[in-house]
């Protein structure tokens, strides 16, 4: 895995620790967010660029970034990120038994 790919994976794993969403519906959802990270790893800006179609799901993803930002956790990128990160939050369709 390239250093940038590894960084994005670690970044998402960290943010997911601050993400909470549950849905009574058996449906898959995904939203895409652009995130700007400073050279020292601080989340400095984020913007929803593709909605899941569910405002509660989208807000839960944005709130995960807010909580990560407020926690003080910083993940410095291995190299300068030219345009930030594009991350996808997804909730796969659960399998019912």
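Residue numbers (my numbering): 10 to 106. Each residue gets a CB set at the ideal place from its N, CA and C atoms; glycine is no exception.
Worksheet entry | Which listed residue (68, 79 and 84) has its alpha carbon closest to that of residue 111 | Absent from the model: residue 111. The displayed extent of the chain is 10 to 106, so no value can be given.
Worksheet entry | Residues near residue 84 by beta carbon distance below 8 angstroms, same chain, minus five either side | Correct list, in chain order: 16, 19, 20, 23, 46 and 50.
Item to complete: Count the other CB atoms, across all protein chains shown, that sit within 10 Å of the CB of residue 107; report buried if there are 16 or more and exposed otherwise.
Response: The requested residue 107 is not part of the displayed model; the chain covers only 10 to 106.
Discussion item. Considering only their Cβ atoms, is the gap separating residue 41 from residue 58 smaller than 8 angstroms?
Written reply: Contact: yes.
Item to complete: Kindly list the residues whose CB is nearer than 6 angstroms to the CB of residue 43, restricted to its own chain and excluding five residues on each side of it in sequence; keep chain order.
Response: Only 56, 58, 93 and 95 meet the Cβ criterion.
Worksheet item: Tell me which same chain residues have a C-beta within less than 8 angstroms of the C-beta of residue 13, skipping the five on either side of it?
Response: Hits under 8 angstroms: 86, 87, 88 and 90.
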